[in-house]
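K.L.:
Protein chains in written order, with my numbering: chain A, 225 to 794; chain B, 225 to 794. By construction, the Cβ of each residue, glycine as well, lies at the ideal position given by its N, Cα and C atoms. Have a look at this one before I ask anything.
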């Protein structure tokens with residue numbers, strides 16, 4: 225079955241729970257945006273996803289992208305769907321109107337990409353990097369460069385790549401060796417090899433804009449020697465530049481997206497931003513990309529859940545305990561406790577995850593558009609803390625949870641028939657790319673939390689507790705324990721490896737608290753829903769408490785035990 | 225890299241930790257078996273696996289089994305390897321000498337299949353069912369039938385299948401509809417469709433022996449109406465019988481093993497055992513198969529671990545905390561705490577799992593060959609409790625743990641290059657076949673533990689604690705808590721769904737206790753090992769305590785919370 229876009233579920237969170245239309249209308253940039261417009265865009269985007277993109281998913285996996293003598297042929301239908309996509313204005317949804325965008329709130333881009341990823345992860349990889357590239361060019365390119373590339377990238381007429389990784393250096397960008405040699409005309413000749421470049425070559429668009437990390441001749445070693453360059457596949461005079469795709473990788477999944485090994489042979493490009501500041505410029509792009517990856521996780525999990533739910537509603541196997549005899553020779557598997565638990569648990573993740581993602585989209589808009597400093601800073605703090613947590617939590621859940629959904633189908637899940645195994649294979653990569661989940665955890669604990677001894681985190685928790693619709697003693701209790709724990713980790717003196725060992729536990733624990741926070745906002749509004757929807761949401765909330773949150777206590781226990789016997793600063 | 229058989233690791237557990245050569249020598253059937261012979265067989269089997277079977281793994285995945293007009297072509301090299309395998313006597317290792325077997329202890333079959341599964345899971349599916357089929361025929365077939373089939377199945381000259389599942393009935397065998405019509409010559413004409421039949425058709429052997437569940441004309445509905453039949457592909461007169469393979473499934477992995485949709489068109493076969501007792505006869509086969517599946521899990525996890533370990537020893541990325549500068553521009557990733565934790569944790573599972581599996585092999589031999597009733601019954605209790613726990617625990621760990629090993633390789637794990645993603649895909653099916661893991665959990669709690677209120681389990685825990693090399697207060701504490709919890713679950717009156725909801729937690733908790741038990745036997749012998757091996761085992765033991773066992777407390781907490789407010793029997 226193709227993915228069904230059920231925009232009423234998303235809208236309930238956006239409108240009734242988060243009150244997003246009212247919130248964004250307070251930002252001057254969205255003074256013209258109201259609930260009706262947002263709902264209309266959401267529904268239209270859902271329609272596009274369901275009608276145009278979802279039906280191409282299976283072919284994308286089975287046919288896949290194919291390399292032929294340096295060209296990459298995309299699966300049947302992918303180019304037409306992409307052309308329809310950008311021509312309808314979807315990539316420009318939340319770009320600035322002065323760049324050719326539609327100036328809509330980030331949440332509509334979030335829901336668009338969540339649904340796209342659920343419907344067809346492979347296809348969605350192509351436009352998935354566009355917005356980051358747009359922001360990067362907008363903030364770092366010279367006016368000349370913007371004139372040539374910003375509009376084309378904003379609208380998605382040309383697709384973009386991030387060329388970071390090199391064969392000998394995976395996560396460690398500081399080891400990158402690609403060289404940039406100044407040319408007489410002010411451009412730079414880029415030479416080197418990059419791997420794992422999503423969409424490095426394809427036939428979706430007539431040009432491809434590569435953003436490439438490379439070193440100027442006099443650059444120091446390490447990350448501070450990296451500069452960012454813009455290298456097009458075809459230059460403004462129509463000349464094909466020496467940027468080659470040598471092969472595409474054979475992967476576990478995501479076959480609809482070509483993962484390219486790229487070779488730059490003195491390919492001319494322009495410096496983007498300042499020399500030696502390439503990593504900083506690229507990180508703007510990567511942070512946006514990380515929220516997108518969290519949304520991929522939520523979308524993929526929802527796609528897997530839909531299949532498991534549909535199967536569980538029609539398949540009968542054995543007698544379910546506590547279910548009245550009904551004349552059938554066996555009961556629906558959705559009535560078996562083990563199956564019910566798996567389905568409800570995944571909904572707890574999906575619906576809580578959506579709340580967190582849409583809330584983050586709001587904070588992104590606030591960070592950019594709010595008129596007062598205070599709101600902008602508070603919003604930035606949310607984004608800084610939430611981004612690594614969400615990237616890691618929801619990609620891990622996409623893999624493990626879609627595997628649980630596969631389990632609901634038994635042997636029918638392991639074969640291709642229902643298509644659920646594709647989601648498991650596709651989802652696995654999200655735990656790796658855009659910074660592995662382990663790197664997200666270290667980013668959270670070492671860079672975001674510990675430097676100020678956990679102060680910003682504590683303030684943030686207090687603020688979030690205060691803004692709940694009703695006081696929540698359990699969330700408050702956990703926040704207190706968490707703040708103490710954070711201080712204790714910050715005080716450890718004699719064990720430099722300890723925070724790195726505990727970073728995953730720390731991220732999981734904070735993420736579970738955020739999931740509980742999300743549900744503390746959702747639960748009071750469930751009365752607004754009609755049955756049987758209300759029952760589904762209530763079961764998910766109960767599953768959160770019974771089956772998901774106990775991990776929080778386990779994580780705290782692991783960290784507490786590890787702290788025993790450590791030396792602390794006075 | 226191909227799987228490396230490191231038999232010294234296995235032998236350390238078998239000989240120094242479990243003292244298996246002394247233990248089996250006490251059984252009359254193995255009076256002639258000594259440590260030297262066992263070690264020799266172990267090493268020879270490891271050599272065969274490494275030289276003949278391991279190199280075919282990648283081709284098995286990429287080329288896969290292919291269906292052509294009802295025939296199934298196995299991947300290149302598979303037939304030759306299988307012919308060499310059975311002609312060398314490997315399938316008959318632990319079969320009775322009077323049936324053409326070698327009469328060796330079950331542990332040597334366990335280690336053989338663990339290594340085979342690690343080296344090439346797809347290929348190993350073919351002989352994987354042989355021993356169960358052998359036991360089934362040995363215990364249930366008439367003498368005539370045994371004369372025709374027992375020897376051929378014991379030696380593996382002919383391969384065997386289990387034909388259980390039907391399209392409309394997955395785990396619920398009681399719904400099976402395949403019919404058996406008595407024929408004039410005493411045989412039965414079998415008609416019906418079976419799906420998910422591993423090795424239903426192939427070119428490895430000249431004949432295939434199908435064991436088929438079907439209903440006699442007067443049989444009642446449900447499981448009690450099922451009888452077991454033996455239907456060969458080719459009858460004793462050389463005639464090809466009407467047993468057809470209509471297709472093979474496209475699967476997430478395990479491409480080297482054809483998963484067949486079979487059609488029996490009045491195919492003549494013989495009744496195996498008594499009418500209406502088919503399920504019982506089949507379960508003999510399935511219990512043996514479940515231990516094999518646990519061994520597949522352990523093997524696959526070890527295969528994934530070897531690749532991750534090798535990668536982590538050669539790949540350098542960034543600075544690792546607490547590691548002295550060494551003139552290299554980056555540190556080995558094995559020195560990064562997050563990577564170390566993943567690698568050590570998986571070793572805790574593999575090595576503890578091996579101890580449990582080899583111990584279970586010993587108990588299988590005791591249950592069959594011990595001269596006194598008491599030993600046989602104690603051994604049977606171990607097997608009854610350990611089989612569902614191990615099947616579920618080690619197949620889940622095979623999937624999740626091999627995914628963790630994949631994570632160590634980052635993007636290089638997601639592409640085919642190192643072959644680790646194949647293990648993740650292959651491992652996924654082990655959580656489903658031979659009874660899904662949810663069914664194992666229900667089997668444990670509902671059938672094995674609760675009927676006597678947890679009495680047998682409690683006795684078993686006491687006995688295991690008493691036979692530890694040294695008292696272990698922590699294991700004893702957990703056993704007490706577990707016994708109380710079990711009694712409390714047994715006393716619940718008003719919630720028929722509750723034990724089914726908690727079955728997974730119950731199985732995980734008991735499984736973690738067993739893993740801790742295994743390490744309580746292993747740890748005191750680590751001093752016997754030379755460095756650097758000793759350090760590797762010690763790190764794994766530490767990982768068990770720090771990162772694995774906290775889940776036990778979480779499971780207890782989940783169950784305790786669920787029990788609050790339930791009504792109990794007086």
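Can you grab the Cα-Cα spacing for the pair residue 637(A) / residue 646(A), in whole Å?
P.N.:
Straight-line Cα distance between these residues: approximately 10 Å.
K.L.:
Note down, in chain order, all residues in the segment 535-547 of chain B with a beta-carbon under 7 Å from any beta-carbon belonging to chain A.
P.N.:
Those residues of the segment 535-547 of chain B that come within reach of chain A (Cβ to Cβ, closer than 7 Å) are 541, 542, 545 and 546.
K.L.:
Which one of 459(A), 621(A), 385(A) and 713(A) has the shortest CA to CA distance from residue 528(A)?
P.N.:
Selected option, being the one with the closest Cα: 621(A).
K.L.:
Give the DSSP-derived three-state secondary structure of residue 457(A) in the structure shown.
P.N.:
In this structure, residue 457(A) counts as coil in the three-state DSSP scheme.
K.L.:
Are the Cβ atoms of residue 486(A) and residue 423(A) separated by less than 7 Å?
P.N.:
No; because the gap between Cβ atoms is not below 7 Å, this pair is not in contact.
K.L.:
Give me the subset of the segment 761-783 of chain A whose CB atoms are less than 9 Å from a CB atom of chain B, sorted by chain position.
P.N.:
Against chain B - using a Cβ distance shorter than 9 Å - the residues of the segment 761-783 of chain A are 769, 770, 771, 774, 775, 777, 778, 779, 781 and 782.
K.L.:
Thinking residue 717(A) and residue 791(A) are a contact (beta carbons under 8 Å), I'd like their distance in whole angstroms, please.
P.N.:
Between residue 791(A) and residue 717(A) the Cβ distance is about 5 Å, and since that is below 8 Å, they are a contact.
K.L.:
On the three-state DSSP scale, how would you describe residue 451(B)?
P.N.:
If DSSP states are grouped into helix, strand and coil, residue 451(B) belongs with the strands.
K.L.:
Residue 728(B) versus chain A: which residues are under 9 Å apart at the beta carbon?
P.N.:
Those within 9 Å of residue 728(B) in chain A are 562 and 565.
K.L.:
At what residues does the beta strand (DSSP E) containing residue 436(A) begin and finish?
P.N.:
First-last of the beta strand (DSSP E) with residue 436(A): 432-439.
K.L.:
Below 8 Å on the Cβ atoms is my guess for residue 469(B) versus residue 635(B); work out the distance and round it to an integer in Å.
P.N.:
Actually they are not in contact, since the Cβ atoms of residue 469(B) and residue 635(B) sit about 39 Å apart, beyond 8 Å.
K.L.:
For the segment 647-662 of chain A, enumerate the residues whose C-beta is nearer than 8 Å to any C-beta of chain D, in chain order.
P.N.:
Given the protein chain composition of this structure (A and B), no chain D is represented.
K.L.:
Beta-carbon separation of residue 519(B) and residue 742(B) under 7 Å?
P.N.:
Taking 7 Å as the Cβ cut-off, residue 519(B) and residue 742(B) do not qualify as a contacting pair.
K.L.:
Tell me where the beta strand (DSSP E) around residue 482(B) begins and ends.
P.N.:
Looking at the DSSP string, residue 482(B) is not in any beta strand (DSSP E), and its letter there is neither H nor E.
K.L.:
Would residue 554(A) count as contacting chain B if we go by Cβ distances under 7 Å?
P.N.:
Residue 554(A) counts as touching chain B.
K.L.:
Per DSSP, residue 416(A) is paired with what?
P.N.:
Paired residues: 488(A).
K.L.:
Nearest chain A C-beta to residue 396(B) closer than 7 Å, yes or no?
P.N.:
Chain A contact via Cβ: present.
K.L.:
Which chain A residues sit within Cβ distance under 8 Å of residue 623(B)?
P.N.:
Going along chain A in sequence order, the residues near residue 623(B) (Cβ under 8 Å) are 627.
K.L.:
Would you say residue 284(B) and residue 235(B) are within 7 Å of each other, going by their C-beta atoms?
P.N.:
No, they are not a contact pair.
K.L.:
On the three-state DSSP scale, how would you describe residue 518(B)?
P.N.:
Helix, per DSSP.
K.L.:
Among the residues of its own chain, which have a CB less than 8 Å from the CB of residue 555(A), if the five just before and after it don't count?
P.N.:
Contacts found: 540, 541, 542, 543, 544 and 547.
K.L.:
Quick one: using the 10 Å Cβ neighbour count with 16 as the cut-off for buried, is residue 290(B) buried or exposed?
P.N.:
Flag for residue 290(B) reads exposed.
K.L.:
Can you tell me whether residue 467(A) is buried or exposed, with buried defined as 16 or more other CB within 10 angstroms of its CB?
P.N.:
So residue 467(A) counts as buried.
K.L.:
Please list the partners that residue 168(A) has in chain B, where partner means a Cβ-to-Cβ separation under 7 Å.
P.N.:
Because residue 168(A) is not part of the residues shown, which for chain A are 225 to 794, the question remains open.
K.L.:
Give the straight-line distance between the Cα atoms of residue 327(A) and residue 319(A), rounded to the nearest whole angstrom.
P.N.:
When rounded, the distance between both Cα atoms is 5 Å.
K.L.:
Within 8 Å, do at least three Cβ pairs link the segment 601-612 of chain A to the segment 261-272 of chain A?
P.N.:
Not touching, per the Cβ criterion.
K.L.:
What does residue 422(B) pair with, by DSSP beta-bridge criteria?
P.N.:
Residue 422(B) is bridged to 483(B).
K.L.:
Step through the CB atoms of chain B and report whether any lies within less than 7 Å of the CB of residue 517(A).
P.N.:
Residue 517(A) does not count as touching chain B.
K.L.:
Under the three-state reduction of DSSP, which class applies to residue 656(B): helix, strand or coil?
P.N.:
In this structure, residue 656(B) counts as coil in the three-state DSSP scheme.
K.L.:
Could you give the C-beta distance for residue 532(A) and residue 567(A), rounded to a whole number, given that I count them as a contact under 8 Å?
P.N.:
Confirmed, Cβ separation roughly 6 Å.
K.L.:
Buried or exposed for residue 628(A), please, with buried defined as at least 16 other CB atoms from any protein chain shown within 10 angstroms of its CB.
P.N.:
Residue 628(A) is buried by the Cβ-count criterion.
K.L.:
Helix, strand or coil for residue 250(B), going by three-state DSSP, please let me know.
P.N.:
Here residue 250(B) sits in coil by DSSP.
K.L.:
Which of the three DSSP states, helix, strand or coil, is assigned to residue 566(B)?
P.N.:
Helix at residue 566(B).
K.L.:
Please report the distance separating the alpha-carbon of residue 725(B) from that of residue 618(B).
P.N.:
If you take the alpha carbons of residue 725(B) and residue 618(B), they lie about 21 Å apart.
K.L.:
Short of 9 Å Cβ to Cβ, which residues in the segment 407-425 of chain A face chain B?
P.N.:
Against chain B - using a Cβ distance shorter than 9 Å - the residues of the segment 407-425 of chain A are 419 and 420.
K.L.:
How many angstroms separate the CA atom of residue 402(A) from the CA atom of residue 559(B)?
P.N.:
Cα-Cα distance, rounded: 27 Å.
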